[in-house]
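Structure, as structure tokens:
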Amino acid sequence: MAICSYLVFPKPGTQPTLTQTLTGLPGCNVLPAENRDDVMVLVTETDTKEQESELQDTLKDIQDIQCLVLTFGEVQHTA
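Take the sequence shown: its letters are residues 3 to 81, numbered as in our numbering.
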């Protein structure tokens, strides 16, 4: 299982659309910043390495993301 959090900086004017896109992805939760309109927190949770890899590929392809910064990542291996 992997749990990660990111700071997401949307391209100007795309924050509402980007929020909808990210919340529509499996295992993703979006929290808007309380003091800024140009940043949000994305928390992801995936069960397998394959799911994590697919999610990473999906995030890379989202055109409304100006910058994505990993702030925390924890991978737990189960026996």
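All residues carry an ideal CB built from backbone N, CA and C; glycine is no exception.
Counted as a single uninterrupted DSSP element, the stretch harbouring Thr16 is not any alpha helix (DSSP H), since DSSP gives it neither H nor E.
The alpha helix (DSSP H) runs of length 4 or more contained entirely in the stretch 19-67 are, from start to end of the chain, 51-63. Taking a 10 Å sphere around the C-beta of Cys6, we find 16 or more other C-beta atoms and assign the residue as buried. Just so you know, the alpha carbons of Pro12 and Ala4 end up roughly 24 Å apart. Using a C-beta cut-off of 8 Å, the stretch 29-36 makes no contact with the stretch 63-70, since fewer than three inter-stretch Cβ pairs fall below that distance. Contact between Tyr8 and Leu44 holds: CB atoms are separated by about 4 Å, below the 8 Å threshold.
The beta carbon of Gly29 is closer than 6 Å to those of Thr46, Glu47 and Thr48 in its chain, skipping five residues each way along the sequence. By the CB criterion at 7 Å, Val10 and Met42 fall inside the cutoff.
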